[in-house]
Amino acid sequence: MKSRRQFLGVIGAGLAGAVAPVKETLAAQQSRPFRGPFGLELYSLRHQIKTGDAASVKRAMAYAKKVGYTEIEAPDLSGLSAKVYRSLLDEVGLPCTSMMAGYDQFSTELRTVAANAHTLGAAHVVNAWIPHKGPFTIELCRETARFYNEWGKKLHAEGLRFAHHTHGYEFQPYQGRPLFDTLVEETNPEYVDFEMDIFWVVDPGEDPVAYLRKYPNRWRLMHLKDMKKGPPTHNFTGDEPVNWDVALGTGRMDMPAILAEAERVGVKRFYVEDESDQAHEQIVADLRFLKTVRI
994 MKSRRQFLGV IGAGLAGAVA PVKETLAAQQ SRPFRGPFGL ELYSLRHQIK TGDAASVKRA
1054 MAYAKKVGYT EIEAPDLSGL SAKVYRSLLD EVGLPCTSMM AGYDQFSTEL RTVAANAHTL
1114 GAAHVVNAWI PHKGPFTIEL CRETARFYNE WGKKLHAEGL RFAHHTHGYE FQPYQGRPLF
1174 DTLVEETNPE YVDFEMDIFW VVDPGEDPVA YLRKYPNRWR LMHLKDMKKG PPTHNFTGDE
1234 PVNWDVALGT GRMDMPAILA EAERVGVKRF YVEDESDQAH EQIVADLRFL KTVRI
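Okay, so the sequence shown: first residue is 994 according to my numbering, each after it adds one.
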């Protein structure tokens, strides 16, 4: 004979089984497709590009468009002039909405960076890496924040938006919290945005959704990539094996939750970035996922 506890357990299981399909149906009805835009960080096709070779750059751009991407972020000018790079974009019919430049370029060639961005038609200019030796420090963090405010103000006057791209090392702990928080809080939101690379938020052990919620008005761009399944990492170097990048939806990222929250807080540009050796094929699967995922 079943005990009362066992009997209630059976009833509870039966009710749960009956309710679960209803919840799943409601969730499906309330979700919707991800709207994009569907951008590609052209660094993903770096193995197909030869520095200074316009034909190889054009082939990479054309491939991105052929498989369905609607815009790119330029990692650099691939050894070409901004004018030539723009002509290739126009020939292919693919807009460049964001471009990256090096820390030293922002420091010493800011006018050139701005001019190149205008030539390409890019509204956003992004610093991808803060040069440092050893662990990221509070001193460098605060110095960088001052530079970012200065550069961002000048670029804002040129009609451009400056952004910092996360790369893991900024989440180095300091006095009980990540240094990244200091970088955000000591930069002026009027002049400085942030580009969240979700891989490099997860790698130091943080949660992309939590950070989108923590600083909802600072994120304007996002790099989309997935990380192979495995135990949590707490890496503050900004470096992992390239083949830790896996096709979107096959790794450890909760992509629907990330995309939904990113849209909610106002992220405007999304770029797939695949650093793996299989990027040429994998970016096709990435885009297929983005066009079918519901959030």
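Ideal Cβ placement from N, Cα and C applies to all residues, glycine included.
Source: prediction; values computed, not measured.
Our contact map puts residue i next to residue j with C-beta atoms below 8 Å; I'd like the distance itself, whole angstroms only.
i	j	result
L1214	A1156	6 Å
G1145	V1195	Contact doesn't hold; Cβ gap of about 26 Å is too wide.
A1057	L1035	7 Å
W1212	F1173	W1212 to F1173, Cβ: 12 Å. No contact.
E1256	K1218	So it is not a contact: roughly 18 Å between Cβ atoms.
E1254	V1202	5 Å
L1153	A1108	No, L1153 and A1108 are not in contact; Cβ-Cβ is about 10 Å, not under 8 Å.
L1113	Y1141	Going by Cβ atoms, the distance from L1113 to Y1141 rounds to 21 Å, so no, they are not a contact pair.
V1088	E1064	The residue you asked about is not Val; residue 1088 is Pro in the sequence shown. With a Cβ gap of about 5 Å, P1088 and E1064 count as contacting.
I1131	Y1167	5 Å
Here's a check: name, in chain order, each residue in its chain whose Cβ is nearer than 7 Å to the Cβ of residue i, leaving out the five neighbours to either side.
i	result
Q1271	none
P1030	T1063, E1064, R1262, F1263
Starting from the C-beta of residue i, find all residues in its chain whose C-beta is less than 8 Å away, skip the five residues before and the five after it, and write them out in chain order.
i	result
H1125	L1133, Y1162
P1171	E1163, F1164, Q1165, P1197, E1199
F1282	A1240, L1241, G1242, M1248
R1028	E1256
L1019	Low confidence applies here, because L1019 scores a pLDDT of 45, under 50, leaving its location unreliable; read the following figure in that light. Taken in chain order, the list of residues that qualify is empty.
A1053	L1035, L1038, Q1041, I1042
T1230	G1161, Y1162
R1245	V1195, D1219, M1220, K1221, K1222, G1223
Report buried or exposed for residue i, applying the criterion of at least 16 other Cβ atoms within 10 angstroms of its Cβ.
i	result
T1180	buried
N1210	exposed
A1048	exposed
E1136	exposed
T1285	exposed
D1232	exposed
H1117	buried
V1235	exposed
D1046	exposed
T1159	buried
A1150	exposed
T1090	buried
Q1275	buried
R1262	buried
L1008	Here the model assigns L1008 a pLDDT of 38, short of 50, so the residue's position is not dependable and the matter cannot be decided.
T1097	The question names Thr, but residue 1097 in the sequence shown is Asp. So D1097 counts as exposed.
E1183	exposed
S1071	buried
E1178	exposed
H1216	buried
P970	Since the first residue of the chain shown is 994 and the last is 1288, residue 970 is not available in this structure.
L1280	buried
Going along the chain, which residues of its own chain have a beta-carbon closer than 6 Å to the beta-carbon of residue i, five neighbours each way excluded?
i	result
H1273	none
Sort out for me which residues DSSP pairs residue i with in a bridge.
i	result
G1072	Answer is none; G1072 lacks a bridge partner.
M1292	Beyond the ends of the chain as shown, which are 994 and 1288, falls residue 1292; an answer cannot be given.
R1154	H1117
Please find out if some non-hydrogen atom of the ligand NAP comes closer than 7 Å to the beta-carbon of residue i.
i	result
W1193	As presented, the structure is devoid of all ligands, the ligand NAP included, so that no description of it is given.
Between residue i and chain B, is any beta-carbon pair separated by less than 8 Å?
i	result
P1128	In the displayed structure, chain B is absent; only one protein chain is listed.
Given 8 Å, three or more beta-carbon pairs between the stretch 1186-1195 and the stretch 1076-1085
no
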